[in-house]
Amino acid sequence: MIIKRTPFALVAASALLLLAGCSGGASNTAESSDDSMTDSGTTTTQETTAPASPAAPAGDQSKADACDIVRTQFQEVSGAGSTVDSSDPQATLAAFKKLASDVGTQFDSITNAEVAPAAKKASGALNDYAAFLETVVADPSKASGLSGQVSTLQASFTEAATVCAG
Numbered sequence: 013m014i015i016k017r018t019p020f021a022l023v024a025a026s027a028l029l030l031l032a033g034c035s036g037g038a039s040n041t042a043e044s045s046d047d048s049m050t051d052s053g054t055t056t057t058q059e060t061t062a063p064a065s066p067a068a069p070a071g072d073q074s075k076a077d078a079c080d081i082v083r084t085q086f087q088e089v090s091g092a093g094s095t096v097d098s099s100d101p102q103a104t105l106a107a108f109k110k111l112a113s114d115v116g117t118q119f120d121s122i123t124n125a126e127v128a129p130a131a132k133k134a135s136g137a138l139n140d141y142a143a144f145l146e147t148v149v150a151d152p153s154k155a156s157g158l159s160g161q162v163s164t165l166q167a168s169f170t171e172a173a174t175v176c177a178g
């Protein structure tokens, strides 16, 4: 039983920790960037600085609004590392799948032509990673694919952060 839990906890936590570095770079506004950088990893700041503006009609969404969505979702993903519970891999998997679904829903609301492709790519990579975690829970010997999964996930998040940083 321990053999199954340890790889899963390491697999889930490793990606979230690596993605934590991506969460601050996607902001296009100075006030939110300052808050996220000084309190990285705390969910309180994420909740209080999260933009509440609805998505603009297709084609009318500004890059700043789209990047606010990206930044907020990256903070959610990086903050999820604190929920990894090695004693309950099924609950952690369920939480991670919900996180991936929530991120996908938010990224689907991005209509800005410059940001949407990178956001959709990051969402797809996160969903692929959630499927990978499900495979590892079922068969821990499959954890050997961790490096490739994490690299793909990190690259897609970095790409979205780069689009928003420029």
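Using my numbering, read the sequence shown as starting at 13 and increasing by one per residue. Where is the CB? At the ideal position from N, CA and C, for every residue including glycine. Note that the structure is a prediction, hence the values are computed from the model and not measured.
Quick one: what does DSSP say residue i is sitting in, helix, strand or coil?
i    : result
D151 : coil
T84  : helix
D72  : coil
T104 : helix
T123 : coil
Less than 8 Å between the CB atoms is what I'm expecting for residue i and residue j, so what's the real figure, rounded?
i    : j    : result
A131 : I122 : 5 Å
K75  : V115 : No, K75 and V115 are not in contact; Cβ-Cβ is about 19 Å, not under 8 Å.
Distance, Cα to Cα, residue i vs residue j?
i    : j    : result
A92  : S153 : 25 Å
T164 : A172 : 13 Å
L158 : Q118 : 26 Å
D72  : N124 : 7 Å
D151 : S98  : 16 Å
K110 : A143 : 12 Å
D100 : F108 : 12 Å
I81  : G160 : 26 Å
V162 : G136 : 13 Å
The alpha helix (DSSP H) that contains residue i, what's its start and end?
i    : result
E171 : 158 to 177
S98  : Where S98 is concerned, there is no enclosing alpha helix (DSSP H), given that its DSSP letter is neither H nor E.
Excluding the 5 residues flanking residue i on each side, which residues of the same chain have their C-beta closer than 7 Å to its C-beta?
i    : result
E146 : L105
Q85  : V115, Q118, F119
Can you list, in chain order, the residues of its chain with a C-beta nearer than 6 Å to that of residue i? Leave out the 5 residues immediately preceding and following it.
i    : result
A134 : S168, F169, A172
N139 : A112
What residues in its chain sit with their C-beta under 8 Å from that of residue i, if we drop five residues either side in the sequence?
i    : result
Q102 : V149
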